[in-house]
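Visitor: Numbering (our numbering), first residue to last: 13 to 423. A virtual CB, placed ideally from N, CA and C, is assigned to each residue, including glycine. Owing to the predicted nature of the structure, the values given are computational and were not obtained by experimental measurement. After the structure tokens below, expect a handful of questions from me.
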């Protein structure tokens, strides 16, 4: 194993999620308590990432596959994002805040797919080694949450200042990453740029009904997940739970454990049942929040946080691995970009406004909320999506198999 390359790729994921975790979870708390946005406005600002994910990741994936080395494209986006985040710290009105955050999201959202694609291209046995590298992203997210909570910054602008600084450092770091050239430009140099959007190897996947079920259920899963990212932090603040950013990191601690055993689970259970459990627990977690409210026991609420490791890794991370095996090697960035487009784009575009509307509808005159009326909807919907998935999805020839190759390309 090339330990230098392993360290570089791990640190890339660490910074990627340190950046995202430093502002994303507490943005709703900052917007409600400091900027005095209402629930519907918070739902709208959380669609920025979704709107950006419908526009930019697929295009950036094609650029990385055809024209620009992935590490340079990442550097451009993170350096530009640092400037926009700096501007965002100075804005307190809703519309300018929304538009500026949308610009930042257009720059940031593609970096998830590009980071995954860059790392996957450097590996051979992706099912075995990708989770071990990706786990450092979770560690970065945990560190961000613990730091924000320890400094009591949840309601302040300081998470945005922190994110701007991290984005600047990450952009510079990307220039030092292993060179990741556009694979399609090497393999098919005469294919024109626009033709890559309609590459038969990519479009043919949509003729597979099982692939369509896979994509559709992942999109639908993002509807209940939008409630978690937008409103669980304000929910815990409202019911009197302290140090919410740190407590939400419980989910990332479990994420580390699950991520490290995920390769063994994929080999043992197969991608279908791992994905099913991930989708199922996205719904069940809201059942745990409901139980905590009805029984008056915070332990159930903490359980709803802890199962995030199952929710995220079993659905999102396993889906990335499945997509990497599903698309041809020269379309890896395009495939990961499509995943971002479908889940963080279409799914969250539907889920975030719906969550915001439901929270606003259940807002009382004193500003408090009927949370039990809110959590029942993502609970039932998430469980139904999981049942539909396991009933109709089949893996076909794209399952996970043990490989004998070494972990890092060229080793």
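Thinking just about the alpha-carbon of each residue, which of 67, 147 and 83 is nearest to the one in residue 126?
Guide: The residue with the shortest Cα to Cα distance from residue 126 is 83.
Visitor: Does the distance from the C-beta atom of residue 376 to that of residue 389 stay below 8 Å?
Guide: For the 8 Å CB-CB criterion, residue 376 and residue 389 do not form a contact.
Visitor: Determine, using beta carbons only, whether residue 348 and residue 117 come nearer to each other than 8 Å.
Guide: no
Visitor: Indicate the three-state DSSP secondary structure (helix, strand or coil) for residue 8 in the structure shown.
Guide: Lying before the first or after the last residue shown, residue 8 is absent from the chain, which here runs from 13 to 423.
Visitor: From residue 32 to residue 23, what distance separates their C-alpha atoms?
Guide: 14 Å
Visitor: How far does the alpha helix (DSSP H) with residue 17 in it extend, from its first residue to its last?
Guide: 15-33
Visitor: Out of 358, 221, 270 and 269, state which residue places its alpha-carbon closest to the alpha-carbon of residue 6.
Guide: With the chain covering only 13 through 423, there is no way to say anything about residue 6.
Visitor: Could you tell me the alpha carbon to alpha carbon distance between residue 45 and residue 38, rounded to whole angstroms?
Guide: When the Cα atoms are used, residue 45 and residue 38 turn out to be separated by approximately 11 Å.
Visitor: For residue 41, does the three-state DSSP call read helix, strand or coil?
Guide: helix
Visitor: Could you compute how far the alpha carbon of residue 226 sits from the alpha carbon of residue 238?
Guide: Residue 226 and residue 238: Cα-Cα distance of roughly 19 Å.
Visitor: Which residue's Cα is closest to the Cα of residue 138: 265, 332, 155 and 372?
Guide: 332
Visitor: Could you spell out the range, first to last residue, of the alpha helix (DSSP H) harbouring residue 364?
Guide: Residue range 360-373 is occupied by the alpha helix (DSSP H) that includes residue 364.
Visitor: Identify the residues that DSSP records as bridge partners of residue 381: which are they?
Guide: 375
Visitor: According to DSSP, is residue 168 helix, strand or coil?
Guide: DSSP, reduced to helix, strand and coil, places residue 168 outside both helices and strands of the structure shown, so it counts as coil.
Visitor: Taking just the CA atoms, how far does residue 387 sit from residue 298?
Guide: C-alpha separation (whole angstroms): 6 Å.
Visitor: Please report whether the beta-carbon of residue 146 lies at a distance below 8 Å from any beta-carbon of chain B.
Guide: No chain B appears in this structure, which consists of one protein chain only.
Visitor: My understanding is that residue 352 touches residue 121, with C-beta atoms under 8 Å, so please give their C-beta distance in whole angstroms.
Guide: 6 Å
Visitor: Rounding to the nearest angstrom, what Cα-Cα distance links residue 396 and residue 294 in this structure?
Guide: 11 Å
Visitor: Excluding the 5 residues flanking residue 359 on each side, which residues of the same chain have their C-beta closer than 6 Å to its C-beta?
Guide: 231 and 234
Visitor: Within 10 Å of its beta-carbon, does residue 306 have 16 or more other beta-carbons around it, so buried, or fewer, so exposed?
Guide: exposed
Visitor: Alpha carbon to alpha carbon, what distance is there between residue 341 and residue 284?
Guide: 22 Å
Visitor: Going by beta-carbon coordinates alone, are residue 271 and residue 355 separated by less than 8 Å?
Guide: no
Visitor: As a quick exercise: from 228, 101, 79 and 335, pick the residue whose alpha carbon is nearest that of residue 167.
Guide: Checked all of 228, 101, 79 and 335; the closest Cα to residue 167 is 101.
Visitor: Cβ atoms of residue 364 and residue 171: under 8 Å apart, would you say?
Guide: In this structure, residue 171 sits away from residue 364, with a CB-CB distance that is not shorter than 8 Å.
Visitor: DSSP three-state label for residue 54, please.
Guide: helix
Visitor: Does DSSP classify residue 105 as helix, strand or coil?
Guide: coil
Visitor: Does residue 336 come out as helix, strand or coil in the three-state DSSP assignment?
Guide: helix
Visitor: Does the Cβ of residue 15 have 16 or more other Cβ atoms within 10 Å, making it buried, or fewer, making it exposed?
Guide: Its Cβ having fewer than 16 others within 10 Å, residue 15 is exposed.
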